[in-house]
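Asker: Handing you a structure now.
Protein chains: 2
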Amino acid sequence: MIDQRILPAEFKYISYTSASAVADGIRDMVVRGAPAIGCAAAYGVALAALELCSKNSDEFTQGMEEAFEVLAQSRPTAVNLFWAIDRMRKLMRNSKGTSAEIANILLEEAHKVKKEDIEINRKMGSNGAELLNDGARVLTHCNAGALATAGHGTALGVFRSAVEVGKKVSVIADETRPFLQGARLTAWEMVQESIPVTLISDNMSGHLMSHGEIDAVVVGTDRVAGNGDVANKIGTYMVAVLAKRHNIPFYVACPLSTIDRSITSGKYIPIEERPIEEVTGYRDCQWAAEGIEVRNPAFDVTPAELVTGLITEKGVVLNPTTEKINKLF
Amino acid sequence: MIDQRILPAEFKYISYTSASAVADGIRDMVVRGAPAIGCAAAYGVALAALELCSKNSDEFTQGMEEAFEVLAQSRPTAVNLFWAIDRMRKLMRNSKGTSAEIANILLEEAHKVKKEDIEINRKMGSNGAELLNDGARVLTHCNAGALATAGHGTALGVFRSAVEVGKKVSVIADETRPFLQGARLTAWEMVQESIPVTLISDNMSGHLMSHGEIDAVVVGTDRVAGNGDVANKIGTYMVAVLAKRHNIPFYVACPLSTIDRSITSGKYIPIEERPIEEVTGYRDCQWAAEGIEVRNPAFDVTPAELVTGLITEKGVVLNPTTEKINKLF
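Residue numbers (this note's numbering), protein chains in the order written: chain A, 1 to 329; chain B, 1001 to 1329.
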């Protein structure tokens, strides 16, 4: 995995050889972004299977169930984690053969999850690119880029695809406290590809909207409920409320694997609270006064009423509802 | 001046002996906060007068006009700066005597500006405290505390006064990127006085509001237009929009010296853009990707329609309008 905690100052890979180490990598945010977490979990399962491939069937199955469990405990909000684990677990249960043969099947499946993710991102990108006008100034929050996926990206994939079809797009990136995915990762990805990008702090988008300087918003998501409510990086909800006030379209790039029809509303999406040191500073640079309490919810929920459209690999769902979402599946 | 750039890690005073050094201190944000800037400017004028007190009348007047000019150029948004300069200039022009005598009059006036500011803050605090229920969880943005004034504070003065009359109040402090006045200064002030304070990043208040965890918002202001539009630290507008959506009262603690009746609307308030290094990191800790553009508007304008009330030393103006504001004067 690319260590996303230290980008853009350093570009470094970390290698993993066990499911529990992959789970630690997800928890510590070496890798983050819902689709990338899904891919990482699939490979985590494959690593567990390779470790266990000389065991007999019972030991293999028991070891694998432990691996599923440790991976599922890593982060609670992004549904792609559970989607990938379920996919791998079902395949394992339906596969016949020696432990080594099943391990090989699971590794091939992880490769497939990764390959499909890129294909899906390209389809979403293409569908989303049609929504952006030439010259559009588009706000995005957090990083829903190549780094958050297996490649191309969800929200940033829309920008990349728009540029590929010849549209001029400029990106406004919220810095995205506390982990600074916007300042560090989105800005870095856009600079790599010479897509114009302007960094702002999270509290500036309302001001720019009120001055007519933002034409659209495109974000990713960690989980969409069956009714179209969108869980995404903390701060997304505030952006959506401001966009609504200023009649700016608010789009969510969302592969079907991120839609969780097992829950009927965003209020059932678990919201992770992360360590306080993320809010009191950034890594070694700690600035907050001592003796304070801290809240650090990592995600929030934007109700479907604020969502202009879900950009999926199967097309754009305008003004999403349970009925429209069910039709996708 | 207390060097507010390095709080809370270090508590250090810087001494000034000239108006131009005071102007630099205001520009560099050694001191910040509209009322504190007003006081600093008044003392800057007094310092210029003391420097010039052995000059003849013409040289004194010319030197003083240069001092007024250099101070007025320091920061554009907070009207208290211009209010204090105008007050000192008028007094100078109406004063008779030697340069030394006038210099002494101006120094006395600076002391008076400071003393009045504390008295006004106490009156605002008392008026505002009545608006808060016992047990209220109150969000504030930036630092409108003792550090932003000559003492007691505007928004934090309301919390202090509420506590003095026996109300339990807990404060939620937005960290306030990019200069982190909330994390560094508001949090520090509240800890000093054992008022419970919880730090969040700027993009979290909407989430807390949607979960019923914020009962009221109280902020300070850098300039209020004649119609009640409020310029305050960048991000205030987003908080106000979210508060409106959730029917949470949004109060602005605002001495009359911060109301600028010479302008009829917030759209005429100049919004300062500050250096990009504030947004690409914090001081020596720089994290943003290289090669990006940056926007750094230091303030935004909250329209009067979103303001539940202006808390002034002459009472609370609910749903402010031009007519109601004119009645205050």
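Ideal Cβ positions, reconstructed from N, Cα and C, are used throughout, including at glycine.
Of all Cβ atoms in chain A, is any one closer than 8 angstroms to the Cβ of T1140 (chain B)?
Answerer: False, the Cβ-Cβ gap to chain A never drops below 8 angstroms.
Asker: Do T321 (chain A) and F250 (chain A) have their CB atoms nearer than 8 angstroms?
Answerer: The answer is no: Cβ separation not under 8 angstroms.
Asker: What residues of chain B sit near A225 (chain A), judged by a beta carbon separation below 7 angstroms?
Answerer: Those within 7 angstroms of A225 (chain A) in chain B number zero; the least Cβ separation is about 15 angstroms.
Asker: Do G1135 (chain B) and V1158 (chain B) have their beta-carbon atoms positioned less than 8 angstroms apart in this structure?
Answerer: Against a cut-off of 8 angstroms, the Cβ pair of G1135 (chain B) and V1158 (chain B) comes out as no contact.
Asker: Identify every run of the beta strand (DSSP E) within the region 110–139 of chain A, keeping only runs that are complete inside it and at least 3 residues long; order them along the chain.
Answerer: Counting only runs of 3 or more, we get nothing.
Asker: Would you mind stating whether A155 (chain A) and A173 (chain A) have Cβ atoms separated by less than 8 angstroms?
Answerer: For A155 (chain A) and A173 (chain A), no; Cβs fall outside 8 angstroms.
Asker: Can at least three beta-carbon pairs, one atom from the region 1162–1171 of chain B and one from the region 1189–1206 of chain B, be found at a separation below 8 angstroms?
Answerer: Contact holds: three or more Cβ-Cβ distances are below 8 angstroms.
Asker: Of all the residues that make up the region 237–251 of chain A, which are near chain B by a beta-carbon distance shorter than 7 angstroms?
Answerer: Here the close residues are Y237, M238, V241, L242, R245.
Asker: For a test of the three-state rule: what should DSSP assign to Y16 (chain A), helix, strand or coil?
Answerer: Coil.
Asker: Indicate whether D117 (chain A) and A148 (chain A) have their beta-carbon atoms separated by less than 8 angstroms.
Answerer: Cβ distance not < 8 angstroms, so D117 (chain A) and A148 (chain A) don't count as in contact.
Asker: Name the two residues that bound the continuous beta strand (DSSP E) containing G1172 (chain B).
Answerer: In the sequence as displayed, the identity of residue 1172 (chain B) is Ile instead of Gly. It spans 1169–1174 - the beta strand (DSSP E) in which I1172 (chain B) sits, taken as one unbroken run.
Asker: Going along the chain, which residues of the region 260–279 of chain A sit with their C-beta nearer than 7 angstroms to a C-beta in chain B?
Answerer: Hits within the stretch, in order: V279.
Asker: Compare the beta carbon distance of T221 (chain A) and C254 (chain A) with 8 angstroms and say whether it is the shorter of the two.
Answerer: Yes, these two residues count as a Cβ contact at 8 angstroms.
Asker: Under 8 angstroms Cβ-Cβ, which residues of chain A neighbour E1175 (chain B)?
Answerer: The contacting residues are R177, V279, A288.
Asker: For chain B, check one thing: does any of its Cβ atoms lie closer than 8 angstroms to the Cβ of Y43 (chain A)?
Answerer: No, Y43 (chain A) does not count as interfacial toward chain B.
Asker: Helix, strand or coil, according to DSSP, for P270 (chain A) in the structure here?
Answerer: Of the three classes helix, strand and coil, the one that applies to P270 (chain A) here is coil, per DSSP.
Asker: Going straight from the alpha carbon of F1299 (chain B) to that of M209 (chain A), what length do you get?
Answerer: Their backbone Cα atoms lie some 14 angstroms apart in a straight line.
Asker: State yes or no: is the beta carbon of E193 (chain A) nearer than 8 angstroms to at least one beta carbon in chain B?
Answerer: No - not a single Cβ of chain B is within 8 angstroms of the one on E193 (chain A).
Asker: Under 8 angstroms, with one C-beta from each stretch per pair, do the region 1042–1056 of chain B and the region 1012–1021 of chain B reach the 3-pair mark?
Answerer: Contact between the region 1042–1056 of chain B and the region 1012–1021 of chain B is present, because at least three Cβ pairs lie under 8 angstroms.
Asker: Do K1167 (chain B) and S1099 (chain B) have their CB atoms nearer than 8 angstroms?
Answerer: Not in contact: K1167 (chain B) and S1099 (chain B) (Cβ atoms no closer than 8 angstroms).
Asker: Using the rule of at least 16 other Cβ atoms within 10 Å of the residue's Cβ for burial, across every protein chain shown, is N326 (chain A) buried or exposed?
Answerer: Result: exposed.
Asker: Counting contacts by CB-CB distance shorter than 8 angstroms, is V31 (chain A) in contact with chain B?
Answerer: It does not: the Cβ of V31 (chain A) has no partner Cβ on chain B nearer than 8 angstroms.
Asker: Between which residues of its own chain and K1123 (chain B) is the CB-CB distance below 6 angstroms, once the five residues before and five after are set aside?
Answerer: Within the same chain, K1123 (chain B) has close Cβ partners E1313.
Asker: Using only the alpha-carbon positions, how far apart do E66 (chain A) and E273 (chain A) sit?
Answerer: Distance between the alpha carbons of E66 (chain A) and E273 (chain A) is about 24 angstroms.
Asker: Using the C-alpha atoms, what's the distance from I259 (chain A) back to M1029 (chain B)?
Answerer: Cα to Cα, the separation comes out at about 47 angstroms.
Asker: Going by Cα to Cα distance, which pick from A:Y282, A:S205, A:A36 is closest to V138 (chain A)?
Answerer: The candidate whose alpha carbon is nearest that of V138 (chain A) is A:S205.
Asker: Whose Cβ in chain B lies nearer than 8 angstroms to the Cβ of L306 (chain A)?
Answerer: Result: empty, since nearest Cβ-Cβ is about 10 angstroms, beyond 8 angstroms.
Asker: Which residue from B:H1211, B:R1075, B:G1097, B:I1269 puts its Cα closest to that of A1243 (chain B)?
Answerer: Residue B:H1211 is the option with its Cα nearest to A1243 (chain B).
Asker: Evaluate contact between the region 177–190 of chain A and the region 67–78 of chain A, counting only Cβ atoms and requiring at least three cross-stretch pairs below 8 angstroms.
Answerer: Verdict: no, contact absent.
Asker: Using a Cβ-Cβ cut-off of less than 7 angstroms, list which residues of the region 293–324 of chain A approach chain B; keep chain order.
Answerer: Correct list: E293, V294, R295, P297, D300.
Asker: Short of 8 angstroms Cβ to Cβ, which residues in the region 1192–1222 of chain B face chain A?
Answerer: Cβ contacts with chain A come from P1196, V1197, T1198, L1199, I1200, S1201, D1202, N1203, M1204, S1205, G1206, H1207, L1208, S1210.
Asker: Taking the CB atoms as reference points, tell me whether V219 (chain A) and V169 (chain A) lie closer together than 8 angstroms.
Answerer: No, they are not a contact pair.
Asker: If you reduce the DSSP assignment to three classes, tell me which class V1165 (chain B) lands in.
Answerer: It is coil, neither helix nor strand.
Asker: Could you pull the start and end residues of the alpha helix (DSSP H) that F1250 (chain B) belongs to?
Answerer: Where F1250 (chain B) is concerned, there is no enclosing alpha helix (DSSP H), although the beta strand (DSSP E) it sits in stretches over 1250–1253.
Asker: What is the residue span of the beta strand (DSSP E) that A1231 (chain B) lies within?
Answerer: Looking at the DSSP string, the run of the beta strand (DSSP E) that includes A1231 (chain B) is 1230–1233.
Asker: For a test of the three-state rule: what should DSSP assign to V70 (chain A), helix, strand or coil?
Answerer: In this structure, V70 (chain A) counts as helix in the three-state DSSP scheme.
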